[in-house]
Amino acid sequence: MTEQGPIVIVGTGLAGYSLAREIRKQHKDVPIVMITADDGISYSKPMLSTGFTKGKDAEGLAQAATEAMAEQLNLKLRTYTTVTGIDTDNQRLLLGEESLSYRKLVLAWGADVIRLTLPGEGQERVFPINDLGDYRAFRKALKPGSRVAIMGAGLIGCEFANDLRNGGYEVDVIAPSDAVMPSLLPPAAANAVQTELEALGVSFHLETVVERIEPADTGLTLFLANGEKRQADLVISAVGLRPRTELARAAGIDTGRGIKVNRALETSAQNVYALGDCAEVDGHVLLYVLPLMACARALAKTLVGVRTDVSYGAMPVMIKTPCCPVAVCP
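Numbering (the working numbering), first residue to last: 3 to 332.
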């Protein structure tokens, strides 16, 4: 490979680190620089909803320190670094007042949680959990005997409900759908999961939403659209994810629901690729582990000179609700 700057990967989540590992399987010496806005600690995001079940806090869910990852993968890793733009014409990544030249650029910066703006004075006790830092903050706020309300009955909401009950916490799940995980499970499977979670002690409030959150004498009062009031100490917001597309769009890269790429993970800009939760691959945004891993394997080959389209096999999603284990192929 010609020396024209490093392969630059933006993001040190599962997508970024998986890609770096796959590149190293293909080429031991090609220069790699990873950029992250956080501390760069390696962890598995899907495991955040298993902490109580596995008896692990945030530190226990961390897999490797930043320095260890940089050494293991033979790369440079820049933490707490914010990407402010992409100059695709000159192949430079803008980092505030400085810039970094790239040979190939991979956007693996994930998705943001959808944040609800609700009336009331209780917003500071609403926790979206999208990374290890979010999970650490939630666990710090959680006290023995805390009551937790979860907004959203999708995959993440149900997994956290099961895990929190395993930790002995009182849990209410509030969602506008008439069933749990409606976009993922058929009715019979959804009913089975809900039934087992209820048997575990989870209270469901479906076909309604939280309209307002106010401080109470002890904790919070959640005012629901159906007229109910629920008491909680903390609230988890699990209403969905939105792929991060803003910087790509500002750079003139085609975006839709995510950053648009073909099956070779190529964006509309030369030498710029996207991977993971931020990517819309051939029209599909697949926010699951197995598609991500398949994309990482294919993209690694492309980045070292063997252009490869991703090929998906069977991609079961393992739903981490131990009270009712489910595997589904969406």
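Quick reminder that beta carbons are idealized off the backbone N, C-alpha and C, glycines included.
All values derive from a computational prediction rather than experimental measurement.
| Check | Outcome |
| --- | --- |
| Suppose you measure from the CA of THR52 to the CA of PHE162; what does that come to, to the nearest Å? | 7 Å |
| Under three-state DSSP, which class holds PRO48? | helix |
| Suppose you measure from the CA of LEU63 to the CA of LEU50; what does that come to, to the nearest Å? | 7 Å |
| State the DSSP-derived secondary structure class of ARG244, mapped to helix, strand or coil. | strand |
| Once you ignore the five residues that flank ALA296 on each side, which residues in its own chain have a CB closer than 8 Å to its CB? | VAL312, SER313, TYR314, GLY315, MET317 |
| Given a cut-off of 8 Å on the beta-carbon distance, is the pair THR81 and THR38 in contact? | yes |
| If you draw a straight line from the alpha carbon of ALA177 to that of MET183, how long is it in whole angstroms? | 10 Å |
| Enumerate in chain order the residues of its own chain whose CB-to-CB distance from ARG138 is below 6 Å, with the five nearest sequence positions on each side excluded. | ALA60 |
| Starting from ARG26, follow its DSSP beta bridges and name the residues at the other end. | In DSSP, ARG26 forms no bridge with anything. |
| VAL351 and ALA218 look like a contact to me (Cβ under 8 Å); what is the Cβ gap, rounded to whole Å? | What is shown of the chain runs 3 to 332, which leaves residue 351 out entirely. |
| For ARG299, collect the residues of the same chain with a Cβ closer than 7 Å to its Cβ; drop the 5 residues on either side in sequence, then sort them by chain order. | GLU24 |
| I need the boundaries of the beta strand (DSSP E) containing ILE238, first residue and last residue. | 236–239 |
| Where DSSP assigns a beta bridge to SER217, which residues make up the other side? | For clarity, residue 217 is Pro in the given sequence; the question names Ser instead. BP columns for PRO217 point to LEU222. |
| According to DSSP, simplified to helix, strand and coil, what is MET320? | strand |
| Within the continuous beta strand (DSSP E) that includes GLU100, where are the two ends? | 100–103 |
| Exposed or buried, what is ASP2 when buried is set at 16 or more other beta-carbons lying within 10 Å of its beta-carbon? | Nothing can be reported for residue 2: it is not among the residues displayed for the chain, which extend from 3 to 332. |
| Quick check on ILE332: buried or exposed, where buried means 16 or more other Cβ atoms within 10 Å of its Cβ? | Sequence inspection shows Pro at residue 332; the Ile mentioned does not correspond to that position. Exposed is the call here. |
| Can you give me the C-alpha to C-alpha distance between SER101 and ALA252, rounded to a whole angstrom? | 16 Å |
| Counting only runs of 4+ residues fully inside the region 86–160, write out the alpha helix (DSSP H) ranges in chain order. | 134–143 |
| Check for me: the alpha helix (DSSP H) holding LEU301 runs from which residue to which? | 291–305 |
| By DSSP's criteria, GLU282 is part of a beta bridge. Which residues make up the other side? | LYS262 |
| Taking the alpha-carbon positions, what's the ILE116 to GLY221 distance? | 24 Å |
| Let me check understanding here. Comparing Cα to Cα, which of ARG244, GLY170, GLY156 lies closest to PHE206? | GLY156 |
| Report yes if the CB atom of ILE152 is closer than 8 Å to the CB atom of PHE140, and no otherwise. | no |
| Per the DSSP calculation, ALA194 is bridged to which residue(s)? | According to DSSP, which records beta bridges pairwise, ALA194 is partnered with nothing at all. |
| From ILE158 to TYR290, what does the alpha carbon distance come to, in whole angstroms? | 12 Å |
| Name the residue from VAL211, VAL195, ASP89 whose alpha carbon lies nearest to the alpha carbon of VAL204. | VAL195 |
| Where does LEU187 sit, in a helix, a strand or coil, going by DSSP? | coil |
| If you follow the alpha helix (DSSP H) that ALA72 is in, where does it begin and where does it stop? | 68–75 |
| Check each candidate in ARG309, LEU107, ILE238 and name the one with the smallest Cα separation from GLN272. | LEU107 |
| Going by DSSP, name the residue or residues bridged to ALA201. | DSSP lists no partner for ALA201. |
| Using CA atoms only, rank isn't needed, just tell me which of THR304, ALA329, GLY154, ARG94 is closest to ALA240. | GLY154 |
| Within 10 Å of its beta-carbon, does SER20 have 16 or more other beta-carbons around it, so buried, or fewer, so exposed? | buried |
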